[in-house]
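FYI, in the working numbering the residues of the sequence shown are 334 to 464.
Note that CB positions come from ideal geometry on N, CA and C, so glycine has one too.
Just so you know, these numbers come straight off a predicted model, no measurement behind them.
Heads up: the structure comes next, in structure tokens.
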Amino acid sequence: MFRPTSLGRRALVCLALAMMISPAAAQSKKKKVKKTPVSVCAHFDQVDKEDDGVDLVVANRCDIKLACSVSWTLTCAPETAKVSRSQHAAAFELEVGSDQSTVASPAACGNDGWVLDDVTWSCRPEPADRK
């Protein structure tokens, strides 16, 4: 036998349960935090030091610790018979809001002319489990 009041009560109970569960389900969803890519918040600059070389400066403007590196090629006595090339690199960690300056020095060239080229740099998020 069909009882309209029984069906109405069930629908009312289901509706009430749905209303109580819906806000709880919405709160349990994790909010996705949009992170700024390292390519946007890490910065690089080269600052000439007259004849003393070049400061290669990496700045961390990200909100995470970074692992960074810079590399370059030093050419001594370019365009002469005694030309020589040497590769150099430095790797370091950068705390949030800090800068690291690495000197690309031409000291190995003595009084010969020099050229600094092939300068590259990179940064990536520092793994959380490193100590």
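Counting the other Cβ atoms within 10 Å of the Cβ of residue 433 gives 16 or more, which makes it buried. By the neighbour-count definition (other C-beta atoms within 10 Å, threshold 16), residue 403 is a buried residue. In this structure, the CA atom of residue 398 is about 42 Å from the CA atom of residue 412. The residues 376, 432, in chain order, have a CB closer than 6 Å to that of residue 392 in the same chain once the five nearest residues on each side in sequence are set aside. Per DSSP, residue 456 lies in no alpha helix (DSSP H) segment; the continuous beta strand (DSSP E) that holds it begins and ends at 447-458. The Cβ neighbour count for residue 453, taken over all protein chains shown within 10 Å, is under 16; the residue is labelled exposed. Spatial neighbours of residue 408 in its own chain (CB-CB distance under 6 Å, excluding positions within 5 residues in sequence) are listed in chain order as 418, 448. A straight-line Cα-Cα distance of about 9 Å links residue 423 and residue 405. The C-beta separation of residue 401 from residue 456 comes to about 4 Å, placing the pair in contact by the 8 Å criterion.
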